Amino acid sequence: MLRLGRGKSISDVHGAIYPEMLVGELIKAFSEKGNLIYDPFMGSGTTAAAAKALGRRFIGIELLPAFMNVAISRVEMQGV
1251 MLRLGRGKSI SDVHGAIYPE MLVGELIKAF SEKGNLIYDP FMGSGTTAAA AKALGRRFIG
1311 IELLPAFMNV AISRVEMQGV
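Counting from 1, position 45 in the sequence shown corresponds to residue 1295 in the numbering used here; the numbering is continuous, with no gaps.
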């Protein structure tokens, strides 16, 4: 069983941010290091940040510039 809390708040701009640990578990279960992860609705960048932290490559698409700025900052914080 996987138990997750809401996680830390990343931004006040995006209201549907889910825990990075949740997507991280899915990425680990269904991919290997070096695989490409695609997120067609990037939002705040949770999937991209988790993918980068786990050694995966990623492509993300986001329509709204405000969300994209949050996602870029979040991925850059990974420092990997």
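Beta carbons: idealized from backbone N, C-alpha and C, even for Gly. In this text, all values refer to a predicted model and were calculated from it rather than measured experimentally.
- For R1324, which three-state DSSP category applies? helix
Worksheet entry | Endpoints, the beta strand (DSSP E) within which G1310 is located | R1307 to G1310
Next on the checklist: For G1293 and I1287, what's the separation of their Cα atoms in angstroms?
Outcome noted: 15 Å
query: Residues in its own chain within less than 7 Å of A1300 by CB, not counting five upstream and five downstream?
result: E1270, V1273, G1274 and I1277
(Q) Counting C-beta neighbours from all protein chains within 10 Å, is the total for A1298 16 or more, i.e. buried, or is it exposed? (A) buried
Can you name the residues that DSSP bridges to I1277?
-> None; I1277 has no bridge partner.
Here's the rule I'm using: 16 or more other beta-carbon atoms within 10 Å means buried, otherwise exposed. How should F1308 be labelled? buried
Practice prompt. Would you kindly report the start and end of the unbroken alpha helix (DSSP H) that includes K1302?
Written response: T1296 to A1303
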